[in-house]
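Residue numbers (the numbering used here): 11 to 242. All remarks here apply to the structure that follows.
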């Protein structure tokens with residue numbers, strides 16, 4: 011390892027501790043998180059531009075905020091959100107009930123392991139994964155499932171935190187974590203240490219069955235890959 015590289019420190023794959031769920035869904039930093047989620051939602055909508063209807067999967071949906079935002083915008087699409095954490099899915103179900111209306115009829119949430127999802131091959135027109143990759147010690151399983159479940163020509167979008175270099179880490183977490191406090195700030199610091207670098211993500215893509223995806227950077231805090239939908 012180079013002197014300039016920051017060693018990765020893995021996080022647990024499941025965020026199911028009651029304190030973690032409460033910290034994630036508390037008011038602390040929620041305005042910033044909503045704004046960050048909105049940029050992901052806009053990115054996803056841009057990738058399916060021209061397709062009026064379809065079926066989308068959100069892997070690691072957490073409390074379901076991405077799915078619910080998308081369902082309000084893509085009014086002819088159906089959505090499935092999955093997460094390994096029962097507490098997160100319970101919160102997502104509460105949020106879905108609160109959303110009500112016709113959105114509730116197009117959205118479902120399930121407890122499921124992203125390493126082995128119980129859906130047939132080529133089931134979805136849009137496959138999403140937001141801020142989850144850093145929880146995986148072996149991300150190749152996640153990328154393989156995304157490739158398996160996407161229909162030919164389906165849109166794919168994954169975005170996650172970026173791990174900075176050793177000497178940039180302190181300033182990085184201070185600046186990008188300035189909106190958080192208490193437990194949420196510590197969760198953010200741990201997540202940054204557990205996230206991957208641009209070269210690491212590039213290697214994951216190269217060794218995965220994903221085809222036609224492009225690596226991107228979102229500011230200095232996030233990285234990911236994308237593939238637009240093939241408009242019929």
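Cβ atoms here follow ideal geometry from the backbone N, Cα and C, with glycine treated the same way.
Query - Option in 45, 116, 168 and 100 with minimal Cα separation from residue 82 - result: For the purposes of this step, residue 82 is taken as residue 72 along the chain shown, with counting starting at 1. Comparing C-alpha distances from residue 82 to each of 45, 116, 168 and 100 shows the shortest one belongs to 116.
Query raised in the report: From what residue to what residue does the alpha helix (DSSP H) around residue 216 run?
Result: Against the chain shown, residue 216 aligns to sequence position 206. In the DSSP assignment, residue 216 falls within the alpha helix (DSSP H) that extends over 208-216.
Query - Complete runs of the alpha helix (DSSP H) confined to the stretch 144-205 [at least 4 residues] - result: Correct list: 150-159, 179-186 and 192-204.
**Report entry** For residue 215, the nearest candidate out of 75, 155, 41 and 240 (CA to CA)
**Finding:** As a working note, residue 215 is residue 205 in the chain shown. Per the Cα distances, 155.
Query raised in the report: Helix, strand or coil: how does DSSP classify residue 142 here?
Result: Mapped onto the chain shown, residue 142 falls at position 132. It is coil, neither helix nor strand.
Requested in this report: Please name the residue or residues paired with residue 228 in a DSSP beta bridge.
Outcome: Position 218 of the chain shown, counted from the start, is the residue given in the question as residue 228. Under DSSP, residue 228 forms a beta bridge with 232.
Query raised in the report: What is the DSSP secondary structure of residue 69, reduced to helix, strand or coil?
Result: Counting from one through the chain shown, the residue named residue 69 turns up at place 59. It is a strand residue.
Query - Cβ pair residue 50, residue 169 closer than 8 Å - result: Residue numbering aside, residue 50 sits at position 40 when the chain shown is read from its first letter. Residue numbering aside, residue 169 sits at position 159 when the chain shown is read from its first letter. Against a cut-off of 8 Å, the Cβ pair of residue 169 and residue 50 comes out as a contact.
Query raised in the report: Okay, do the stretch 48-66 and the stretch 104-118 touch, 3+ Cβ pairs below 8 Å being the bar?
Result: No contact exists between the stretch 48-66 and the stretch 104-118.
Query - 6 Å Cβ shell around residue 37 - same chain, five flanking residues per side excluded - result: Working through the chain shown from its first residue, we reach residue 37 at position 27. Annotation note: pLDDT 48 at residue 37 (below 50); position unreliable, no value reported.
Query raised in the report: On the three-state DSSP scale, how would you describe residue 247?
Result: Summary: the structure shown does not reach residue 247, with the chain confined to residues 11 through 242, and so no result is reported for it.
Query - Coil, strand or helix - residue 56 by DSSP - result: Residue 56 sits at position 46 when you count from the first residue of the chain shown. Here residue 56 sits in helix by DSSP.
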